[in-house]
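Written out below as structure tokens is the structure these notes cover.
In my numbering, the protein residues as written are 330 to 517.
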């Protein structure tokens, strides 16, 4: 029997892209430039919870900066990995381009099951993740603006915005570092 492995999510996104590009008359090299993810960052950090330190792994992928800021949600799921965030970042680029919104595509994720943590623990984890992203300039109101995604919502976006504002006290636009905040935290 032949070992026929199903293509993964990232491979499927790339396959759809190649199929679409086949119908276009692009100059040599442009399709590859569009398809390739610009950058993906992996952050690992520890958080003290209940007297012990737990280590978490998170990602932020920027697919295209052809327009800034880049937009794309932050998801919390135990299955989050680099291939997934890169595929989702690519899809954000393509979606924004198709509807002509002035944004590049990005996506982020944290390997976590948020249901396993109490609210105060999740806040501590989220703030530390935001700190790790912000100190690397992977969250920024002018360049890289996350939003809610699977496993996150307005509560997490408010924590991220507050953490970013605490780290950037002179930035009058600091709370614009994320979208999807509740009204009482500067959302619309």
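Every residue gets a Cβ at the ideal spot worked out from N, C-alpha and C, and that includes glycine.
task: Report yes if the CB atom of residue 339 is closer than 8 Å to the CB atom of residue 408, and no otherwise.
output: Using a Cβ distance threshold of 8 Å, residue 339 and residue 408 do not count as a contacting pair.
query: Given a threshold of 16 other Cβ atoms within 10 Å of its Cβ, counted over all protein chains shown, does residue 342 qualify as buried or as exposed?
result: With 16 or more other CB atoms across the displayed protein chains lying within 10 angstroms of its CB, residue 342 is buried.
message: I need the DSSP call for residue 351, collapsed to helix, strand or coil.
response: DSSP places residue 351 in the coil class of the three-state scheme, outside both helix and strand.
Reduced DSSP secondary structure (H/G/I, E/B, other) of residue 389: Residue 389: strand per DSSP, three-state reduction.
- prompt: DSSP puts residue 435 in a beta bridge; with which residues?
  reply: Answer by DSSP bridge pairing, in chain order: 391.
Three or more C-beta pairs below 8 Å linking the region 477–496 and the region 446–462: Counting C-beta pairs closer than 8 Å gives three or more between the region 477–496 and the region 446–462, which meets the contact rule.
task: Could you work out which residue in 372, 382, 365 is closest to residue 394 when comparing CA atoms only?
output: Ranking the options by Cα distance to residue 394, first place goes to 365.
query: First and last residue of the alpha helix (DSSP H) that includes residue 414?
result: Membership of residue 414 in the alpha helix (DSSP H) is indicated by the continuous run 411–427.
- request: For my contact list, residue 418 and residue 435 are in at a C-beta cut-off of 8 Å; report their separation, rounded to the angstrom.
  value: That pair is a contact at about 5 Å.
query: Pairing CB atoms from the region 369–383 with CB atoms from the region 422–431, are three or more of them under 8 Å?
result: These segments do not touch.
field: Pairwise C-alpha distance: residue 484 and residue 383
entry: The straight-line gap from Cα to Cα measures roughly 22 Å.
- request: Give a yes or no on whether the C-beta atoms belonging to residue 514 and residue 487 are separated by under 8 Å.
  value: Yes, these two residues count as a Cβ contact at 8 Å.
query: Ordered along the chain, which non-local residues of its own chain (more than five positions away) have a Cβ less than 7 Å from that of residue 497?
result: So the list reads 503, once near-sequence residues are dropped.
query: Less than 7 Å between the CB of residue 472 and some heavy atom of the ligand MG, yes or no?
result: As presented, the structure is devoid of all ligands, the ligand MG included, so that no description of it is given.
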